[in-house]
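Just so we're aligned: the sequence shown equals residues 1087 to 1378 in our numbering. In what follows, a single structure is set out as structure tokens and then discussed.
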Amino acid sequence: MTFLFKIGFLDISIVNMIDIALVAALLYQVYKLLKGSVAIKIFLGFLSIYLIYLLVRALRMELLSAILGQFMGVGVIAAIIIFAPEIRKFLLIIGRSSFLSDDNMWKDLLFFWRKRENSVFNISPIIDASKTLAGSNTGALMVISKSTELKFYAESGDILDADLSKRLLISIFNKYSPLHDGAVIIYNGKIKAARCILPVTEREVPAQFGLRHRAGIGMSEATDTLILIVSEETGQLSMAKNGKILHNMSFQEVRETINDYLNNEDVDSRFEDIEEYELKKRRKMAMTSKST
């Protein structure tokens, strides 16, 4: 075995470097899967304990190594139980979608440091249709994807593969249309499918958010997509990303957020946790009641 260099008592070889690179890529993918959820903190805790275990074992601290070794043995079973929803989601993506055949996935896995090519298209039909739908209090749910066609979710509805247009979106979400009950998936300037079934979030959401909002938040938790929601009751526009939400947005804000998302800019910081949103709402109501 060819050694490249030595760090203290560690001899680093080419195989070691490849091993480290693959582990780093795997941890990055796991981080992407858990990002934005409570499970990420638990995962980081397990990872920290495991790194400490490797360190004390390398330093030959026998007693501490034995204690942490016992903990790690039980920790694997505990991790399977704790991360059951995430593991189920991961296996669902692998087994029932085109996840493995997607070129973007392999680029992310092997070359995650490279910036992905832009997948920008004309979003004016989305904005124009949203104005019309909001003006008539017509509910709508649009999934905007920049990296994958979401075939698993698209196949739950009706495949269209039609050019994106304002009139088509309005026609789909018309309450008399047989396609209106569900979500539209938009990818690469095309409406891939309509009447799609989305996963509903299992978290508690404010009472003002109905099933359409719950489905939008659930989809944002399960995929790296941007969800646009038009409320049927109020006509207000909301967006969901990574389990977080932006509520009562202006059309200009919607346009900027979609454009930045498609340009691979960081938009996650703009969104609020559902818990924070509810807390701000309560504070606002308390201040209003005090002032009156």
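Beta carbons: idealized from backbone N, C-alpha and C, even for Gly.
*Check each candidate in 1152, 1157 and 1149 and name the one with the smallest Cα separation from residue 1133.*
1157
*Can you say whether residue 1211 is buried or exposed, counting buried as having 16 or more other CB atoms within 10 angstroms of its CB?*
buried
_One or two residues paired with residue 1335 in a DSSP bridge_ = 1323
_Out of 1300, 1276 and 1228, which one is the CA nearest neighbour of residue 1266?_
1228
*Using the Cα positions of residue 1300 and residue 1287, report the straight-line distance between them to the nearest angstrom.*
6 Å
*Hey, how far is the Cα of residue 1333 from the Cα of residue 1208?*
23 Å
*asked:* Out of 1276, 1253 and 1285, which one is the CA nearest neighbour of residue 1268?
replied: 1285
*asked:* Can you give me the C-alpha to C-alpha distance between residue 1264 and residue 1280, rounded to a whole angstrom?
replied: 10 Å
*Three-state secondary structure (DSSP) of residue 1229*: strand
*Going by the beta-carbon positions, is the gap between residue 1261 and residue 1309 smaller than 8 Å?*
No, these two residues do not count as a Cβ contact at 8 Å.
*Which word fits residue 1129, buried or exposed, when buried means at least 16 other C-beta atoms lie within 10 angstroms of its C-beta?*
Within a 10 Å sphere around the beta-carbon of residue 1129 sit 16 or more other beta-carbons, which makes this residue buried.
*Hey, residue 1327 and residue 1353: beta-carbon distance below 8 Å or not?*
Note that the C-beta distance between residue 1327 and residue 1353 is below 8 Å.
*Are residue 1271 and residue 1231 closer than 8 Å when you measure CB to CB?*
yes
*What three-state label does DSSP hand residue 1271 in the structure shown?*
Reduced to three states, the DSSP call for residue 1271 is strand.
*From the DSSP output, which residues share a beta bridge with residue 1241?*
For residue 1241, which the question treats as bridged, DSSP gives no partner whatsoever.
*Is it the case that the Cβ atoms of residue 1358 and residue 1330 are separated by a distance below 8 Å?*
yes
_Under the three-state DSSP convention, the category residue 1150 falls into_ = helix
*Apart from the five residues on each side of it in sequence, which residues of its chain come closer than 6 Å, Cβ to Cβ, to residue 1150?*
Cβ contact annotation for residue 1150 (same chain, cutoff 6 Å, sequence separation greater than five): 1142, in chain order.
*Have a look at residue 1219 and residue 1117 and give me their C-alpha separation to the nearest angstrom.*
Their backbone Cα atoms lie some 37 Å apart in a straight line.
*Close-in-space but distant-in-sequence residues of the same chain around residue 1347 (CB under 8 Å, 5 per side omitted)*: Scanning its chain for C-beta atoms nearer than 8 Å, with the 5 sequence neighbours on each side dropped, one finds around residue 1347 the residues 1230, 1232, 1312, 1327 and 1353, in chain order.
_Can you list, in chain order, the residues of its chain with a C-beta nearer than 8 Å to that of residue 1135? Leave out the 5 residues immediately preceding and following it._
1154, 1157, 1158 and 1161
_With the cut-off set at 8 Å, would you say residue 1246 and residue 1215 are in Cβ contact?_
no
_Using a Cβ-Cβ cutoff of less than 7 Å, which residues in the same chain neighbour residue 1239 once the five nearest sequence positions on both sides are dropped?_
Taking residue 1239 as the centre and dropping the five residues before and after it, the same chain places the C-beta of 1271, 1282 and 1284 closer than 7 Å to its C-beta, in chain order.
*Tell me whether residue 1358 sits in a helix, a strand or coil according to DSSP, three-state version.*
strand
_residue 1318 versus residue 1226 - alpha carbon distance_ = 8 Å
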